[in-house]
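Protein chains in written order, with our numbering: chain A, 1 to 159; chain B, 160 to 259.
Have a look at the structure below before the remarks.
Given below as structure tokens:
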């Protein structure tokens, strides 16, 4: 059932990108099959993200994308750039592989933060301004990503 | 109405192009690899998003609109994942030719 759903999604993606031309399936068919297989391997037992929940995430995502771009542009355009780069670490509670990837990618879209490395549960986040603690923002983003995949987060062991 | 729509498109696309330009400027101005990745991922996301937003009202059918939005999402995914991988390699020092 999961496989059928994946195939359907990737077939849809290919049709949108390449159109109905039957010749395109020379590339498309292997690509769709391979994508479905790789997705299964990488996502393992991740829950499929719900479409409605993804739509609920969209306004937040668009707003943060805009803030992120505007923020970095403002910093760059100052005659004396207002940056103080540095690293912070964050312990992530998400456990599903697909949810983790989405979380890491979304960190890089939030204003001023970039997911730089990951060791097990600990993410190293690079910040354009490392003087502020970004833990609350990351926790908020993590909660939203968890909601897409219907995952329940354990409360932080420490505060 | 059509004038308003044209105005909206021109503004949106110009703003998108502006963000691409700022991203490039950031690539030159920012001091280190990690900060440069910030500029690239975020301004590309916003720049391409705005250009596509400006194009949406002029497309012949919703199918093409879906295609453009999908392209935006794929670029986002590739950009964010790529920058994470570059940063990871740089941090662990196991890339090639990373000497400053």
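Just so you know, even glycine gets a beta-carbon here, dropped at the ideal spot from N, CA and C.
Within 10 angstroms of its Cβ, does residue i collect 16 or more other Cβ (buried), or is it exposed?
i	result
residue 119(A)	exposed
residue 196(B)	buried
residue 89(A)	exposed
residue 154(A)	exposed
residue 27(A)	exposed
residue 44(A)	exposed
residue 3(A)	exposed
residue 59(A)	exposed
What's the gap between the Cα of residue i and the Cα of residue j?
i	j	result
residue 6(A)	residue 36(A)	6 Å
residue 188(B)	residue 180(B)	12 Å
residue 136(A)	residue 22(A)	50 Å
residue 159(A)	residue 139(A)	Unreliable positioning characterises residue 159(A) in this predicted model, as indicated by a pLDDT of 43, which lies under 50. A coordinate reading is not provided.
residue 144(A)	residue 113(A)	17 Å
residue 175(B)	residue 73(A)	12 Å
residue 41(A)	residue 214(B)	37 Å
residue 55(A)	residue 252(B)	39 Å
residue 15(A)	residue 127(A)	39 Å
residue 210(B)	residue 66(A)	13 Å
Hey, could you find the ends of the beta strand (DSSP E) residue i is sitting in?
i	result
residue 116(A)	113–119
residue 162(A)	Since the first residue shown for chain A is 1 and the last is 159, residue 162(A) is missing from the structure and cannot be characterised.
Is the CB-CB distance between residue i and residue j below 9 Å?
i	j	result
residue 199(A)	residue 30(A)	The structure shown does not extend to residue 199(A), since chain A is modelled only from 1 to 159, so the question has no answer here.
residue 164(B)	residue 219(B)	no
residue 86(A)	residue 130(A)	yes
residue 185(B)	residue 198(B)	yes
residue 83(A)	residue 242(B)	no
I need the DSSP call for residue i, collapsed to helix, strand or coil.
i	result
residue 172(B)	helix
residue 83(A)	coil
residue 134(A)	coil
residue 152(A)	coil
residue 64(A)	helix
residue 22(A)	helix
residue 190(B)	coil
Could you please give the first and the last residue of the uninterrupted alpha helix (DSSP H) stretch that includes residue i?
i	result
residue 122(A)	Residue 122(A) -> not in any alpha helix (DSSP H); beta strand (DSSP E) instead, spanning 122–127.
residue 215(B)	Premise fails: residue 215(B) is in no alpha helix (DSSP H) and is neither H nor E.
residue 100(A)	97–107
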